[in-house]
Amino acid sequence: MAEVVLRCEGLRKAYGTVVAIDDLGIEITEGETYGLLGPNGAGKTTAISMIVGILARDAGSVTIDGQPHDVHRTATKRLIGYVPQELALYPDLTGRENLHFFGRLHGLSGRELRRRGDEVLDVVGLSDRAGQRVRTYSGGMSRRLHIGVGLLNRPRLLVLDEPTVGVDPQSRNAILDNVRQLAGQGMAVLYTTHYMEEAERLCDRVGIIDSGRLRAEGTRRDLVTMLDREDEVELLADGDLAAAAQALAELAEVSAVDVREAGLRLLVAEAGPNLPQILATTGRAGVTVRSVQVREPNLESVFLHLTGKALRD
């Protein structure tokens, strides 16, 4: 089994009478990307600040690689790569000079520092721009270099707080590919985003936080199952639609069939594995299917159900 890299239990933080985080507990294993999603004001930033050790908690515990972790423990902080939302780069230094500066803060020097800087530049795809000042970089390039700073110390846990904000689609895809590769190499990743499609594409598990509490957690399939909703299948078709609808309604997996002007609409439990039977049934009823569209419940549906808000609210 994969080792647990981050374990949080019973985290709590209050500011006077306002409770920002209440009994938060999560685990992330090596090679896993965990998405922490929540509307603005949900407590994500407070949670991350306690996890990385820049904000003292009122209660609860955090361990990194099995070691107790808090604001005073330097040894465990060295196991974390933290990439905050706000860029923390020196625009008048080159990309390589930025990495060397931050590398020295991690205790790197000499040949080791130069080698690690070059490795990181290769990972984030900036080797050919390493000698240029950061002020000449695009927003996407700056974001990639920012992630590179978080990788210098070869962290066991990489914490990325909305790393794709304000970048172009090409750079965004490059960042997501980088994160996927890092997780594939065994790094544990804690990822927050305001883009639901990123969570769908990248995260092995997702935790949904609202008003300081973890409302739900699991894989995409786990969370979608909570809604107890079926997949919607639309068939663009020609022929005896009424006969096809009658035949499809007799299938155990189909809970509803509507005849539309240009085809059929079905509600189906687990549409994917049942599509062959659905298509075969419509064919036997004398209907020719020209296209199929499946709409599954998604993380956005779950998020709205649990919080009553869109992710970007």
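Position 73, counted from 1, in the sequence shown is what the UniProt record's numbering calls 73; the numbers after and before it change by one each time, with no gaps.
Backbone N, C-alpha and C fix where the C-beta goes; we use that ideal spot for every residue, glycine too.
Item	Value
Pull up the CB-CB distance for Arg205 and Thr219, whole angstroms please, since I reckon it's below 8 Å.	6 Å
Measure the CB-CB distance between Ile48 and Val62 and report whether it falls below 8 Å.	no
Should the stretch 26 to 37 be regarded as contacting the stretch 181 to 200, the criterion being three or more beta carbon pairs within less than 8 Å?	yes
Does DSSP classify Glu86 as helix, strand or coil?	coil
Among Leu105, Gly125, Glu97, which one has its Cα closest to the Cα of Thr74?	Leu105
Kindly indicate which residue of Gly41, Leu241, Lys44 has the alpha-carbon position closest to the one of Gly286.	Leu241
Hey, Leu214 and Val302 are a contact pair by Cβ (cut 8 Å); roughly how many whole angstroms apart?	About 13 Å separates the two Cβ atoms, so there is no contact after all.
Thr164: buried (16+ other C-beta within 10 angstroms of its C-beta) or exposed?	buried
Report the three-state DSSP secondary structure of Thr94 (helix, strand or coil).	strand
Name the DSSP beta bridge partners of Ser61, please?	Glu9
Between which two residues does the alpha helix (DSSP H) containing Ser171 stretch?	169 to 184
Mind checking which residues open and close the alpha helix (DSSP H) that includes Ile54?	Element bounds for Ile54: n/a, residue is neither H nor E.
Is DSSP giving Ser127 helix, strand or coil here?	helix
Can you give me the Cβ contacts of Asp65 inside the same chain, cut-off strictly under 7 Å, excluding the 5 residues immediately before and after it?	Val5, Leu79, Arg156
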